[in-house]
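Scroll down for the structure; my scribbles are underneath it.
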Amino acid sequence: MFEQETTEMLFSGALEKASSYAVAWSSNDPAQVAAHFAENGAARLNSGKAIQGRGAIASDYATPFFREFPGSSVLLHDFRLSGNHTLFTGMLVGPGGREDSLVRPLGWEERTLDDNGLIQLSLVWFDRDDNAKQGGSAFLQ
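For the sequence shown, our numbering begins at 50 and goes up steadily by one.
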């Protein structure tokens, strides 16, 4: 009984952080996104170069995203937890940066969390072909 309750509490806390992360990506505030990462955390988009450190996450990851997708929202579809690893699936919904085009790229994010529940490593994946059909955002290449 104790083990099940503990697992449910861990999942509930991790799901709450994942929901908060989606809200941060919907805020247009790079600092809110960066606050979900460990101080030396890293993000990598579609096997690209890793962006490391909370400051770089804000300036080189979140800021270009918000410039490319102003006023967009990130919707959480599914969430999985296994130890300190999570899987976040979702969809970006809203205007793209080109002539008020509507975008809806699907993707997922694999995360490794530190002992405080902050993101140590984020591996983000978007379908490049789907992205090209929707206007080809350079951010998602």
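All C-beta atoms, glycine included, are put in the ideal place defined by N, C-alpha and C.
Review point. Mind checking whether Ile-100 and Ala-91 have CB atoms under 8 Å apart?
Key: yes
Practice item. For the segment 68-113, list the beta strand (DSSP E) runs that are entirely contained and at least 3 residues long, ordered along the chain. Key: 86-94
Point to revise | 8 Å Cβ cutoff met for Thr-135 and Leu-94 | key: no
Practice item. Rank Gly-104, Phe-175, Arg-116, Leu-141 by C-alpha distance to the C-alpha of Val-72 and give the top, closest one. Key: Leu-141
**Study point:** Alpha carbon of Ser-5 to alpha carbon of Leu-167, nearest angstrom
**Key:** Here the chain has residues from 50 to 190 only, and residue 5 is not among them.
Point to revise | Per DSSP, cross-strand counterpart(s) of Ser-122 | key: Val-142
Check your understanding: So Leu-170 is in the beta strand (DSSP E); what residue range does that whole segment cover?
Key -> 168-175
Point to revise | Terminal residues of the beta strand (DSSP E) in which Gly-156 lies | key: 155-162
Exercise for review: Give the single residue among Asn-77, Trp-157, Ala-80 whose Cα lies nearest to the Cα of Asp-127.
Suggested key: Trp-157
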